[in-house]
Amino acid sequence: MWRYFAPAVAFLALGGLFAYALMRIDQGKLDIREIQSPLIGKAAPAFVLPSLTDPPHQIDSHALAGKPYILNVWGTWCGECRAEHPALMALARTSGLPIIGLDWKDEHSDARAYLAQLGNPYAEVAADDVGRTAIDWGVYGAPETFLVSADGIVLAKHIGAISEAVWEKKFAPHLKNGGRS
Amino acid sequence: MIPELGTLAMVLALLLAAAQAFFGLAGAQLNRQSWMAVVPAAVAGVWVFVVLAFGVLAYSFIVHDFSVSYVATNSNLELPLLYRFAAVWGAHEGSLLLWILLLSTWALLVAALSGQLPIAFRARVLGVLGLIGVGFLLFTLFTSSPFTRLMPAAADGADLNPLLQDPALAAHPPMLYMGYVGTSVAFAFAVAAMLSGKLDAGWARWTRPWTVASWMFLTVGIALGSWWAYYVLGWGGWWFWDPVENASFMPWLATTALIHSLAVTEKRGLFKSWTLLLAIFAFSLSLLGTFLVRSGVLVSVHAFASDPSRGLFILALLIFFIVGSLTLYAVRAPTLKSEGGFELVSRESFLLLNNALLITAAGLILVGELWPLLMDAFDLGKISVGPPYFNMVFMVPGVPLVVLLGIGMHAAWRRALLGSRKRQLLILGGGGRALARRVAFAFFGGPGMPLTIVCLAAGFFVMASALIEPIEQWRKGQQLPRAALGMAIAHFGVGVWLLGVTGVCSYKVEKDVSLAPGESTEIAGYTFKFLEMHKVQGPNYDADEARILITKGGKTVAELPTQKRTYRVNRNPMTHAGISVGPTRDLFVALGENVGGGKWSMRLQYKPFIRYIWLGAVIMALGGLTAILDRRYRVRRTAEAGAFEPGAARKAV
Amino acid sequence: MRRWLAVLVLGLASATALAIDTEVAFPDAARQQRYDRWIHELRCVQCQNAAIADSPVGLASDLRRQVKEMIASGQSDDEIRRFMTERYGDFVLYDPPLKPRTYFLWAAPALFLLITVGVAARVIVRRSKGPIDSDPEEPA
Numbered sequence: 282m283w284r285y286f287a288p289a290v291a292f293l294a295l296g297g298l299f300a301y302a303l304m305r306i307d308q309g310k311l312d313i314r315e316i317q318s319p320l321i322g323k324a325a326p327a328f329v330l331p332s333l334t335d336p337p338h339q340i341d342s343h344a345l346a347g348k349p350y351i352l353n354v355w356g357t358w359c360g361e362c363r364a365e366h367p368a369l370m371a372l373a374r375t376s377g378l379p380i381i382g383l384d385w386k387d388e389h390s391d392a393r394a395y396l397a398q399l400g401n402p403y404a405e406v407a408a409d410d411v412g413r414t415a416i417d418w419g420v421y422g423a424p425e426t427f428l429v430s431a432d433g434i435v436l437a438k439h440i441g442a443i444s445e446a447v448w449e450k451k452f453a454p455h456l457k458n459g460g461r462s
Numbered sequence: 005m006i007p008e009l010g011t012l013a014m015v016l017a018l019l020l021a022a023a024q025a026f027f028g029l030a031g032a033q034l035n036r037q038s039w040m041a042v043v044p045a046a047v048a049g050v051w052v053f054v055v056l057a058f059g060v061l062a063y064s065f066i067v068h069d070f071s072v073s074y075v076a077t078n079s080n081l082e083l084p085l086l087y088r089f090a091a092v093w094g095a096h097e098g099s100l101l102l103w104i105l106l107l108s109t110w111a112l113l114v115a116a117l118s119g120q121l122p123i124a125f126r127a128r129v130l131g132v133l134g135l136i137g138v139g140f141l142l143f144t145l146f147t148s149s150p151f152t153r154l155m156p157a158a159a160d161g162a163d164l165n166p167l168l169q170d171p172a173l174a175a176h177p178p179m180l181y182m183g184y185v186g187t188s189v190a191f192a193f194a195v196a197a198m199l200s201g202k203l204d205a206g207w208a209r210w211t212r213p214w215t216v217a218s219w220m221f222l223t224v225g226i227a228l229g230s231w232w233a234y235y236v237l238g239w240g241g242w243w244f245w246d247p248v249e250n251a252s253f254m255p256w257l258a259t260t261a262l263i264h265s266l267a268v269t270e271k272r273g274l275f276k277s278w279t280l281l282l283a284i285f286a287f288s289l290s291l292l293g294t295f296l297v298r299s300g301v302l303v304s305v306h307a308f309a310s311d312p313s314r315g316l317f318i319l320a321l322l323i324f325f326i327v328g329s330l331t332l333y334a335v336r337a338p339t340l341k342s343e344g345g346f347e348l349v350s351r352e353s354f355l356l357l358n359n360a361l362l363i364t365a366a367g368l369i370l371v372g373e374l375w376p377l378l379m380d381a382f383d384l385g386k387i388s389v390g391p392p393y394f395n396m397v398f399m400v401p402g403v404p405l406v407v408l409l410g411i412g413m414h415a416a417w418r419r420a421l422l423g424s425r426k427r428q429l430l431i432l433g434g435g436g437r438a439l440a441r442r443v444a445f446a447f448f449g450g451p452g453m454p455l456t457i458v459c460l461a462a463g464f465f466v467m468a469s470a471l472i473e474p475i476e477q478w479r480k481g482q483q484l485p486r487a488a489l490g491m492a493i494a495h496f497g498v499g500v501w502l503l504g505v506t507g508v509c510s511y512k513v514e515k516d517v518s519l520a521p522g523e524s525t526e527i528a529g530y531t532f533k534f535l536e537m538h539k540v541q542g543p544n545y546d547a548d549e550a551r552i553l554i555t556k557g558g559k560t561v562a563e564l565p566t567q568k569r570t571y572r573v574n575r576n577p578m579t580h581a582g583i584s585v586g587p588t589r590d591l592f593v594a595l596g597e598n599v600g601g602g603k604w605s606m607r608l609q610y611k612p613f614i615r616y617i618w619l620g621a622v623i624m625a626l627g628g629l630t631a632i633l634d635r636r637y638r639v640r641r642t643a644e645a646g647a648f649e650p651g652a653a654r655k656a657v
Numbered sequence: 003m004r005r006w007l008a009v010l011v012l013g014l015a016s017a018t019a020l021a022i023d024t025e026v027a028f029p030d031a032a033r034q035q036r037y038d039r040w041i042h043e044l045r046c047v048q049c050q051n052a053a054i055a056d057s058p059v060g061l062a063s064d065l066r067r068q069v070k071e072m073i074a075s076g077q078s079d080d081e082i083r084r085f086m087t088e089r090y091g092d093f094v095l096y097d098p099p100l101k102p103r104t105y106f107l108w109a110a111p112a113l114f115l116l117i118t119v120g121v122a123a124r125v126i127v128r129r130s131k132g133p134i135d136s137d138p139e140e141p142a
């Protein structure tokens with residue numbers, strides 16, 4: 282007799298799942314489109330790319346080791362990157378960490394003009410024309426910002442425009458133990 | 005002023021729908037004749053006001069009233085008239101109004117065509133439909149009104165999604181929604197039966213034509229969507245197992261199972277609780293689909309406004325109707341006893357097995373669709389479940405189903421003594437296999453994959469098997485009753501569909517190339533030559549058009565244009581493919597981009613048998629139509645009040 | 003409303019301007035088939051509604067090129083799978099991996115079939131034992 286209630290119970294469970302998912306989406310705790318990076322806690326992918334601002338010079342990720350740094354993926358074609366630019370400028374001053382820019386599939390002349398016009402928050406800018414480095418870092422939409430520890434481990438990743446609030450919540454806590462992983 | 009009339013009309017419709025629900029359900033429960041008598045009038049009233057609201061929205065589109073937010077978002081001064089009308093259902097809010105319109109239309113049809121139903125039963129059916137209407141009207145009025153104003157009014161609109169500016173796609177939602185909404189009729193019949201506590205073969209006889217009608221629309225709606233995806237989206241695909249596609253396919257599978265289960269209940273009075281469960285299941289899947297694509301819990305190419313608060317409202321509706329009806333089922337089902345047996349091999353057992361396989365398919369699609377959400381919601385990681393999984397998994401119930409179909413349709417009730425049929429079927433089976441091998445050699449130059457042969461053979465076998473009885477009767481100079489003829493036609497359509505799917509999946513050829521004008525390339529024995537490139541201006545777009553000449557063995561097969569359009573308002577580039585249609589294949593050319601050096605990238609495809617997919621679906625739908633027109637469903641002038649005897653089916657007119 | 007517009011535009015972008023390679027990836031059928039299979043199995047992480055075979059965005063063509071290079075250099079399917087999931091997680095595979103969390107997903111076909119056919123069989127056997135001619139013959 283009770284087995285006839287099975288469909289109702291099963292459906293109620295399903296409804297519960299949906300309600301739970303909806304509430305978490307509403308609270309901002311669940312984003313069905315956002316992919317958590319599998320790189321967190323792993324070694325930052327190595328790269329050797331030409332510098333945007335000083336073309337013959339190569340930027341080697343190995344040279345960045347020893348100090349924590351921020352990697353910001355951007356492009357002049359990306360509207361949200363333009364929106365986050367002021368926050369990046371502020372971050373360059375206040376965070377105490379170098380921001381390495383990864384100019385993703387961009388026109389070099391456009392990029393240089395962009396930085397000249399809006400200001401350059403980057404300690405160095407690497408130009409990824411082929412896109413291989415972006416793939417290695419698991420980038421799927423600019424802007425994306427990574428925090429890398431002194432010993433080259435990816436500590437955190439933020440997808441979308443960065444801000445003071447995001448910095449405080451997501452990135453700053455990792456620096457409490459001296460920027461080591 | 006006029007848009008506010010639309011809102012007013014919807015409010016009035018809501019009140020009348022509430023009256024329909026109350027007087028129908030309470031009136032039947034308390035046996036108040038005067039209350040029940042009001043219901044048909046309420047149904048008509050709801051319909052009138054919903055049509056009014058719909059008309060107001062359509063009017064706002066046609067006269068370019070950009071003070072209405074929904075119009076401003078979905079239309080444009082340059083948008084052709086047909087698409088201005090179709091834009092009414094082009095996005096979330098308007099599509100809900102379409103849903104409500106079709107729901108009230110179904111209710112009107114039920115009210116008009118079921119004079120011979122017992123009054124209390126009919127009142128309950130209409131009452132349930134009214135309740136569903138109330139739910140949707142509340143949802144639309146409170147969270148998704150199409151009549152909200154834009155202050156100040158826009159000078160020009162944003163334009164209708166260019167993908168929707170197409171006749172097939174304009175027709176697709178109305179067809180599809182007629183199907184979706186139609187599942188609520190079978191649901192209403194089921195709930196009415198459960199409320200009254202009586203369910204017998206007569207009930208099945210009344211429910212069946214409504215179910216077949218909604219199935220018919222669903223079939224056509226899905227086929228239209230698939231066909232449209234093929235020729236508009238440019239990559240030549242026709243099914244992607246996208247959540248929205250699954251949202252329509254699952255109710256289709258459930259409704260198919262329901263039709264077959266109703267056949268047994270009508271004939272033998274058996275499988276009553278299965279039939280009830282399937283009716284609830286079909287409607288649930290329909291509502292679930294609505295929920296999934298509008299709430300934002302799933303990623304889909306088709307996703308409407310993703311808004312968690314709207315999602316919660318629909319979820320509440322979903323839980324109310326489904327858990328409510330399933331609880332009613334749990335209470336009533338144990339009392340539904342039926343007598344009757346059948347042999348291990350009989351029509352009944354074939355049908356039961358058929359339904360088991362259909363439900364398995366629907367269940368697998370549901371699990372595949374929801375598992376990523378389940379994992380994500382509980383932070384267990386993010387996975388994707390897509391075509392590779394669904395294609396493989398669907399074959400697990402799918403292949404046995406099509407193999408058994410050709411035999412099952414000849415099984416007799418109670419005991420399937422196939423007798424002389426057995427020999428005929430064996431011959432046809434062998435013929436099917438031979439033909440399949442012939443086809444394989446023609447396309448592939450060899451036997452190819454065993455599964456392909458099995459499916460092609462099954463397709464031919466089903467087609468031939470379905471024609472046995474109609475041909476036999478025709479030879480005897482007799483006519484098959486329409487219900488049986490409809491069944492034969494529908495099953496024949498399944499065979500055709502199967503040939504289409506198997507052919508295109510097994511033997512299609514795709515090639516991406518870059519060509520400059522004058523250059524040519526070859527696939528599947530056809531030569532494609534890029535003739536020239538020129539510019540074209542459309543009503544609301546500008547395009548680069550390439551002309552491609554296709555030849556085979558030196559003879560011209562077709563000259564196809566293919567365009568890369570840029571819609572002036574939207575500025576989104578869109579590919580318009582060129583398709584050469586033939587009796588056994590499609591040739592498909594889609595223009596890509598200017599890659600420099602005078603060359604343009606293109607995708608060329610050879611799609612054997614692809615048209616049979618939609619042809620098969622259309623034939624299935626025609627079969628359904630034929631079956632509904634069977635004389636035993638004719639609305640009788642003489643009221644058979646309370647005549648619910650199982651024997652009613654015997655009175656062949 | 004604006005958020006809705008964003009969703010609409012996102013939906014548009016993924017279905018418009020055709021994503022095509024400019025040439026056939028491999029001259030030989032075996033590697034071409036492998037390539038075709040992989041570009042249909044990898045999800046476009048950016049637009050998320052298509053495989054990289056059918057997605058128009060730059061990332062998709064970059065990933066297609068990556069797959070082509072990996073097949074050309076003789077890497078195995080496992081290596082390709084590992085490469086992609088190391089960077090994008092399991093999300094990038096349209097064919098979900100076999101892990102404890104997805105056991106149910108992969109067991110589902112056999113499981114559901116067994117349950118439904120099992121229940122059907124039980125009903126059939128039970129009914130075949132009952133009286134078969136309990137109601138008079140009906141016309142077919």
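Residue numbers (the numbering used here), protein chains in the order written: chain D, 282 to 462; chain Y, 5 to 657; chain Z, 3 to 142. Heads up, the beta-carbon is just placed ideally off N, CA and C, and yes, glycines get one too.
Check	Outcome
Any beta carbon from chain D within less than 9 angstroms of residue 47 of chain Z's own beta carbon?	yes
Does the beta-carbon of residue 189 of chain Y have 16 or more other beta-carbons within 10 angstroms, so that it is buried, or is it exposed?	buried
Can you tell me whether residue 111 of chain Z is buried or exposed? The criterion is at least 16 other CB atoms within 10 Å of its CB, across all chains shown.	buried
In chain order, what residues of the same chain lie with their CB nearer than 6 angstroms to the CB of residue 605 of chain Y, ignoring the 5 residues before and after it?	518, 596, 597 and 599
Answer yes or no: do residue 372 of chain Y and residue 245 of chain Y have a C-beta to C-beta separation smaller than 9 angstroms?	yes
Hey, could you find the ends of the alpha helix (DSSP H) residue 131 of chain Z is sitting in?	105-131
For the alpha helix (DSSP H) containing residue 319 of chain D, name the first residue and the last one.	Per DSSP, residue 319 of chain D belongs to no alpha helix (DSSP H) and is neither H nor E.
Please report the straight-line C-alpha distance between residue 41 of chain Z and residue 48 of chain Z, rounded to a whole angstrom.	15 angstroms
What separation, rounded to the nearest whole angstrom, lies between the Cα atoms of residue 86 of chain Y and residue 65 of chain Y?	10 angstroms
I want to see whether chain Z comes within less than 9 angstroms of residue 415 of chain D, judged by CB atoms only; does it?	yes
Are the beta-carbon atoms belonging to residue 163 of chain Y and residue 573 of chain Y less than 9 angstroms from one another?	yes
Would you mind sorting residue 138 of chain Z into buried or exposed? The rule is 16 or more other CB atoms within 10 Å of its CB.	Its pLDDT being 47, under 50, residue 138 of chain Z is placed unreliably by the model, and the measurement read from it follows with that caveat. It is exposed - the Cβ of residue 138 of chain Z has fewer than 16 other Cβ atoms within 10 Å.
Within the segment 410-483 of chain Y, note down every full alpha helix (DSSP H) run reaching 4 residues or more, in order along the chain.	424-448 and 454-479
Please classify residue 41 of chain Y: is it buried, with 16 or more other beta-carbons within 10 angstroms of its beta-carbon, or exposed?	exposed
Using a Cβ-Cβ cut-off of 6 angstroms (strictly less than) and excluding sequence neighbours within five positions of residue 77 of chain Y, which residues of its own chain qualify?	162
Take the Cβ of residue 324 of chain D as the centre, count every other Cβ of all protein chains shown within 10 Å, and call the residue buried at 16 or more, exposed below.	exposed
Please report the distance separating the alpha-carbon of residue 549 of chain Y from that of residue 236 of chain Y.	15 angstroms
Label residue 1 of chain Y either buried or exposed according to how many other C-beta atoms from any shown protein chain fall within 10 Å of its C-beta, with 16 as the threshold for buried.	What is shown of chain Y runs 5 to 657, which leaves residue 1 of chain Y out entirely.
Given this structure, state the Cα-to-Cα distance separating residue 610 of chain Y from residue 54 of chain Z, to the nearest angstrom.	21 angstroms
I'd like the span of the beta strand (DSSP E) that includes residue 385 of chain D, first residue to last.	380-385
Hey, is the segment 66-78 of chain Z in contact with the segment 395-402 of chain D, meaning 3+ C-beta pairs nearer than 8 angstroms?	no
Against chain D, which members of the segment 364-391 of chain Y pass a CB distance test of less than 7 angstroms?	377, 378, 380, 381 and 386
Within 10 Å of its beta-carbon, does residue 35 of chain Y have 16 or more other beta-carbons around it, so buried, or fewer, so exposed?	exposed
In whole angstroms, what separates the C-alpha of residue 467 of chain Y from that of residue 502 of chain Y?	10 angstroms
Just to confirm the assignment: which complete alpha helix (DSSP H) runs, minimum length 4, are found wholly within the segment 14-86 of chain Y?	37-66 and 73-78
Would you please state the rounded distance, in angstroms, between the beta carbons of residue 108 of chain Y and residue 54 of chain Y? I believe it to be under 8 angstroms.	5 angstroms
Would residue 312 of chain D be called buried (16 or more neighbouring beta carbons within 10 Å of its own) or exposed?	exposed
Counting C-beta neighbours from all protein chains within 10 Å, is the total for residue 317 of chain Y 16 or more, i.e. buried, or is it exposed?	buried
With C-beta atoms as the reference, is residue 621 of chain Y less than 9 angstroms away from residue 187 of chain Y?	no
List, in order along the chain, the chain Y residues whose C-beta lies closer than 9 angstroms to that of residue 77 of chain Z?	Within 9 angstroms Cβ-Cβ: nothing; residue 77 of chain Z doesn't reach chain Y, min ~20 angstroms.
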